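Chemist: Sharing a structure below in structure tokens format, with a few things to ask.
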Amino acid sequence: MRRPVRRLTLGLAAAITSAALAACASQISPDTVAAANGRVGAGAVAGDSGSGTSSGDTGGADASTGEADGTSTADDGSSGSSTTSSSSDSSGDKAPAASGAGAADGGVTAGTCDGFKNQTGITDKTITLGNVADISGPVPGLFQIAQDSVKAFVAYYNATNPDGLCGRTLVLKSYDSRGDASGDQQAYANACADTFAVVGSVSAQDQGGAATADKCGIPDIRGFTVTSDRRDCGSCFSSYALAPNLVPSSNADYWKKANPEAAQHIGMFYVNVPAAKQNAESAVAAYKKAGLGVDVVQGIDTGEFNYSVYAQQIKDKGVQFVQYYGPYQFSIRLQKAMEQQGVKVPVYFEDATIYDQHYVDEAGSAGEGTYVYTTTDLLDNTKNPEMALYRAWLERVSPGSAPNFYGVFAWSAARLFVQEATKLGGGLTRPSLVSSVSKVRDWTGNGIHTSADVGEKITPKCTRIIQLKGGSWRQVSPGDYVCGSLIDSGVGG
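Written out as structure tokens, the structure is:
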């Protein structure tokens, strides 16, 4: 069965996941939200969408099924509608692979397997991992790409490491957190009992399972951490580390050189939900500390449809640099209102929320010239070996899925687990893995994203500035990434 195409369109974790959920309570119809997330039809996710339980096991070595998506399904006898799927490659062509740092184990020196003990989630033949993501709920398919990206890495590992990790194949058990705190808590309660570790998770309400994960000590190597509760969890880490109060100076440094006049007349707009408000205020405080000028700070309610008043505000206040935090659909409303009223600014700036083909298609001429800052390499840069590898395996396990910001960091989280677990060898336990990950400082996922201080859970210092021109994105910042210091905004810390 061919999977539907899913393109996620949300950017900075804390601001945008909350915004997406808040949007569901506004006047946006469920059909519009579903379409915005690239979901085609219903029933694409196995399992009880309201249970917060497993939506399937993925892994194993049997891949001779002939299924179009390279998976096999069978009743595993568990409660609900869970399915067991193989993530090993079953196509006729040669599976993409790499060596050295690009190998699934990162080319690290494997620890001796002496003393390896079976434990929760580990048997003589398998190591079961979990992934928790918002699949059903207010925004259907919201973080399906994170789950698919972890499946892709598990498939890559199993296909290229037939002997497994100390003789054990990786198996992935997928959970649906449903976009709510209770769903996240239920998913982690089950993961604590049934899996060894959880990798690549992204949930809008990730505070729900934070205490549960912390109490059971399960290694939770996430794609993103959204809330402070999750960040405070002792066994929880993210491949995209983030501290809300620590803002990279790189954006401010870039604009002070690229357009110093516009950088003195910033208008900061955001969807009016708590997380987006916090991020916008943190950015404003950091900009001011960096010497930039902010003329307007304005929240816009999720149910607001008349954006002309904000376009007029931009004109009346002499704003030359507009930055927005929120879903791309709302950003388009603001940009189209500006276009209709002839309000032009030298700089329209956002995070990777709008680094998405849906935005390009729907914004049309209003989006032309828009700037974005991102912490990943360009998604279409297949000259980057890791990006090419990620895209190839994502296509193999989920044909038609489009790579995005969240998927990149979920893939990276799975790679981080494998690398650290391989080094531990027979010493692999939950506590030893938590300890090992806590020491990771300069993590780039083999060059697919900027350096992250995973162990200290600190915001990356580097960003890449890209611009939409003629329907495609191109990098405008010099070099690889623009790097600077971290500014403590005093907001959200």
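Counting in the UniProt record's numbering, the sequence shown runs from 1 upward without gaps.
Backbone N, C-alpha and C fix where the C-beta goes; we use that ideal spot for every residue, glycine too.
Quantities reported herein were computed from a predicted structural model and do not represent experimental measurements.
1. What's the call for Asn158, buried or exposed, on a 16-neighbour Cβ count within 10 Å?
2. Kindly confirm or deny that the stretch 441-449 and the stretch 411-424 touch, where touching means at least three C-beta pairs closer than 8 Å.
3. Identify whether Tyr254 lies in helix, strand or coil by the three-state DSSP scheme.
4. Do you know how far the Cα of Gly137 is from the Cα of Ile266?
5. List the endpoints of the continuous alpha helix (DSSP H) containing Thr422.
6. Applying the criterion that 16 or more other CB atoms from any shown protein chain within 10 Å of the CB defines a buried residue, is Asn190 buried or exposed?
7. Can you tell me whether DSSP reads His265 as helix, strand or coil?
8. State buried or exposed for Gln278, treating a residue as buried only when at least 16 other CB atoms are found within 10 Å of its CB.
9. Using C-beta distances below 6 Å, list every residue in its chain close to Ser485, excluding the 5 sequence neighbours before and after it, in chain order.
10. Give the DSSP-derived three-state secondary structure of Tyr270 in the structure shown.
11. Report back the beta-carbon spacing between Gly106 and Gln419 to the nearest angstrom; my notes put them in contact at under 8 Å.
12. When DSSP labels each residue in this structure, what does Glu456 get in the three-state scheme?
13. Distance check for Tyr156 and Tyr392, CA to CA, integer angstroms please.
14. Could you compute how far the alpha carbon of Thr370 sits from the alpha carbon of Glu339?
15. Given a cut-off of 9 Å on the beta-carbon distance, is the pair Val139 and Gly179 in contact?
16. Since Cys462 is in the alpha helix (DSSP H), which residue starts that stretch and which ends it?
17. Counting along the chain, where does the alpha helix (DSSP H) carrying Trp443 start and finish?
18. Measure the alpha-carbon distance for Ala363 versus Gln335 and round it to whole angstroms.
19. Pick from Asp442, Ile354 and Asn131: whose alpha carbon is nearest that of Leu379?
20. Under three-state DSSP, which class holds Gly183?
21. Please return the same chain residues whose Cβ sits closer than 6 Å to the Cβ of Ile332, not counting the five positions on each side in sequence.
22. Would you kindly check if the distance between the Cβ of Thr459 and the Cβ of Val247 is under 9 Å?
23. Across which residues does DSSP place Thr126 in a beta bridge pair?
24. Which parts of the stretch 346-385 are runs of the beta strand (DSSP E), unbroken and 3 residues or longer, counting only runs that do not cross its ends?
25. Measuring CB atoms only, is the stretch 291-301 touching the stretch 269-276, in the sense that at least three cross pairs come out at less than 8 Å?
26. Excluding the 5 residues preceding and the 5 following Glu395 in the sequence, name in chain order all residues of the same chain whose CB lies nearer than 8 Å to its CB.
27. Out of Ala104, Thr227 and Thr169, point me to the one whose CA is closest to Asp124's CA.
28. Can you tell me where the beta strand (DSSP E) with Leu428 in it begins and where it stops?
29. Pick out whichever of Val294, Leu129, Asp114 and Phe237 has its Cα sitting closest to the Cα of Arg441.
30. Among the candidates Ile218, Ala103 and Gln323, whose CA atom is the shortest distance from the CA of Ala352?
31. Report the start-end ranges of each beta strand (DSSP E) in the stretch 262-329 that is 3 residues or longer and not cut off at the edges.
32. Kindly identify the DSSP beta-bridge partner or partners of Ser472.
33. Which stretch, first to last residue, makes up the beta strand (DSSP E) that contains Asp206?
34. As a quick exercise: from Val343, Gln341, Gly209 and Tyr328, pick the residue whose alpha carbon is nearest that of Val372.
35. Looking at Asp220 and Ser235, is the spacing between their C-beta atoms short of 9 Å?
36. Where Arg464 and Lys257 are concerned, what is the direct C-alpha to C-alpha distance, given to the nearest angstrom?
Modeler: On the basis of the coordinates in this document:
1. Residue numbering aside, residue 158 sits at position 158 when the sequence shown is read from its first letter. The residue in question, Asn158, is buried, as its Cβ has 16 or more Cβ neighbours within 10 Å.
2. yes
3. Taking the first residue of the sequence shown as 1, we reach residue 254 at position 254. DSSP places Tyr254 in helix when its eight states are reduced to three.
4. Mapped onto the sequence shown, residue 266 falls at position 266. Mapped onto the sequence shown, residue 137 falls at position 137. Their Cα atoms are separated by approximately 36 Å.
5. To locate residue 422, count along the sequence shown from 1; it is residue 422. Phe405 to Leu424 is the span of the alpha helix (DSSP H), which, as asked, contains Thr422.
6. Locating residue 190 in the sequence shown gives position 190, counting from the first residue. It is buried - the Cβ of Asn190 has at least 16 other Cβ atoms within 10 Å.
7. Counted from its first residue, the sequence shown places residue 265 at position 265. Here His265 sits in coil by DSSP.
8. Within the sequence shown, the letter at position 278 stands for residue 278. Gln278 is buried by the Cβ-count criterion.
9. Against the sequence shown, residue 485 aligns to sequence position 485. The residues are Ser249.
10. As a position in the sequence shown, residue 270 is number 270, starting the count at 1. Three-state DSSP puts Tyr270 in a strand.
11. Counting from one through the sequence shown, the residue named residue 106 turns up at place 106. Counting from one through the sequence shown, the residue named residue 419 turns up at place 419. Indeed they touch by this definition, with Cβ atoms about 4 Å apart.
12. By 1-based counting over the sequence shown, the position of residue 456 is 456. Note: Glu456 maps to coil in three-state DSSP.
13. The residue you call residue 392 lines up with position 392 of the sequence shown. The residue you call residue 156 lines up with position 156 of the sequence shown. One point to set straight first is that residue 392 is Ala, not Tyr, in the sequence displayed. Spanning the two alpha carbons is a distance of roughly 10 Å.
14. Counting from one through the sequence shown, the residue named residue 370 turns up at place 370. Counting from one through the sequence shown, the residue named residue 339 turns up at place 339. Thr370 and Glu339: Cα-Cα distance of roughly 13 Å.
15. Within the sequence shown, numbered from 1, the residue matching residue 139 stands at position 139. Within the sequence shown, numbered from 1, the residue matching residue 179 stands at position 179. Taking 9 Å as the Cβ cut-off, Val139 and Gly179 qualify as a contacting pair.
16. Numbered from its first residue, the sequence shown carries residue 462 at position 462. Premise fails: Cys462 lies in the beta strand (DSSP E), Cys462 to Lys469, not in any alpha helix (DSSP H).
17. Here residue 443 refers to the residue found at position 443 when the sequence shown is read from its first residue. Taken as a continuous stretch (DSSP letters only), Trp443 belongs to no alpha helix (DSSP H), as it is neither H nor E.
18. By one-based count along the sequence shown, residue 363 stands at place 363. By one-based count along the sequence shown, residue 335 stands at place 335. The straight-line gap from Cα to Cα measures roughly 8 Å.
19. The count along the sequence shown starts at 1 and reaches residue 379 at position 379. That would be Ile354, whose Cα lies nearest to the Cα of Leu379.
20. Within the sequence shown, residue 183 is the residue found at index 183, counting from 1. In this structure, Gly183 counts as helix in the three-state DSSP scheme.
21. The residue you call residue 332 lines up with position 332 of the sequence shown. Cβ within range, chain order: Glu362 and Ala363.
22. The residue given as residue 247 occupies position 247 in the sequence shown. The residue given as residue 459 occupies position 459 in the sequence shown. Yes. Within cutoff.
23. For the purposes of this step, residue 126 is identified with residue 126 of the sequence shown, where counting begins at 1. Thr126 is bridged to Thr169.
24. 347-350 and 371-374
25. yes
26. Within the sequence shown, numbered from 1, the residue matching residue 395 stands at position 395. Excluding positions up to five away in sequence, the list reads Ser401.
27. Stepping through the sequence shown from its first residue, residue 124 is reached at position 124. The shortest Cα separation from Asp124 among Ala104, Thr227 and Thr169 belongs to Thr169.
28. Here residue 428 refers to the residue found at position 428 of the sequence shown. Neither: Leu428 is in no beta strand (DSSP E) and is coded neither H nor E.
29. Stepping through the sequence shown from its first residue, residue 441 is reached at position 441. Among Val294, Leu129, Asp114 and Phe237, the Cα nearest to that of Arg441 belongs to Phe237.
30. Sequence index remark: in the sequence shown, residue 352 carries index 352 (1-based). When only C-alpha atoms are compared, the closest one is Gln323.
31. 266-271, 294-300 and 321-325
32. Taking the sequence shown and counting its residues from 1, the one referred to as residue 472 is at position 472. Answer is Lys469.
33. Reading the sequence shown from its first residue, position 206 is the one you call residue 206. Segment: none, Asp206 is in no beta strand (DSSP E) and carries neither H nor E.
34. Looking up residue 372 in the sequence shown gives position 372. Taking only the C-alpha atoms, the option nearest Val372 is Tyr328.
35. As a working mapping, residue 235 is identified with position 235 in the sequence shown. As a working mapping, residue 220 is identified with position 220 in the sequence shown. Contact flag set, yes.
36. Position 464 of the sequence shown holds residue 464. Position 257 of the sequence shown holds residue 257. C-alpha separation (whole angstroms): 15 Å.
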